[in-house]
Amino acid sequence: MSRRRSIMSDALKYELAKELGVEDIVRTEGWGAVSSRNCGNLVKLAIERAERALAQQQQVGYDR
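938 is the number of the first residue of the sequence shown in my numbering; add one for each residue after it.
Given below as C-alpha cells:
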C-alpha cells in the first residue's frame, strides 16, 4: 500500500505542535510519541484554521 501525500505542510504541523505545547516531544521523540488526544487536538486546530481561512476567502469574494 502506498503512503498518502500529506495535506498539511511540515511547517504547519510543527507550528500547531508548538501552539499545543507538544513541539519538544515531536522534535525529540517523533510524531509517534504524541498522545492520541494531542493528535486529535492538532487535527481539530488545523480544521478550525482551514475553516477560518475559507470563510475569509469567501468574504473577500462577496466584497467585490
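All C-beta atoms, glycine included, are put in the ideal place defined by N, C-alpha and C. Being a predicted model, the structure only gives us computed values, none of them experimental.
| Asked | Found |
| --- | --- |
| Where the alpha helix (DSSP H) containing Val959 begins and where it ends | Taken as a continuous stretch (DSSP letters only), Val959 belongs to no alpha helix (DSSP H), as it is neither H nor E. |
| Whether Leu953 touches Asn975 by CB criterion (8 Å) | no |
| Residue from Val997, Ala990, Ala983 and Glu988 with nearest C-alpha to Ser946 | Ala983 |
| Burial state of Val980, where buried means 16 or more other Cβ atoms lie within 10 Å | exposed |
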